[in-house]
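These notes are about the structure you will find just below.
Residue numbers (this note's numbering): 43 to 192.
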């Protein structure tokens, strides 16, 4: 989980904030989809449902698909390229699809970097569980900021 929290602490100041500043984007537009989700938590049961869905189920499902299936399939392709080229091609393609599938154009750069971090965690460790826990940590910090700090 600490990798996910660290990813959040790195991505927000070094990717999201510069992107917002360079393109003069209203920060409320970036957090709007997440706020819409947190606004649906109008009861304790709603909060629990969001925590389970966003905090646990989504990271497991997304990591199984994006790192386990997609990244793994690209990574295993037979090619004459060097291993580093194969790894980076796999990281970039799986991360681009990961960020695109979230349908949040303003968060694409940040989600792309986060996807790369999760893919590199998986590549280095060869353990999908570490990428899942990193994703859980990342989503947990987002949920905390939306449900507790907002």
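Here a beta-carbon is modelled for each residue, glycine too, at the ideal position from N, C-alpha and C. As the structure is a prediction and not an experimental result, all values here were calculated from the model.
query	result
Is the distance from the Cβ of residue 83 to the Cβ of residue 180 below 8 angstroms?	no
Could you check which residue in 177, 161 and 102 has the C-alpha nearest to that of residue 131?	161
Taking buried to mean at least 16 other C-beta atoms within 10 Å of its own C-beta, is residue 103 buried or exposed?	exposed
Give the single residue among 106, 69, 152 and 114 whose Cα lies nearest to the Cα of residue 128.	114
Can you tell me the Cα-Cα spacing of residue 59 and residue 88, whole angstroms?	30 angstroms
Would DSSP call residue 169 helix, strand or coil?	coil
Starting from residue 125, trace the alpha helix (DSSP H) both ways and give me its first and last residue.	125-143
Give me the Cβ distance between residue 154 and residue 136, rounded to the nearest whole Å; I'm assuming they're in contact under 8 angstroms.	About 10 angstroms separates the two Cβ atoms, so there is no contact after all.
I need the boundaries of the alpha helix (DSSP H) containing residue 110, first residue and last residue.	Residue 110 -> no alpha helix (DSSP H), and no H or E assigned at all.
In the structure shown, what three-state DSSP assignment does residue 74 receive?	helix
Does the Cβ-Cβ distance between residue 47 and residue 183 come in under 8 angstroms?	yes
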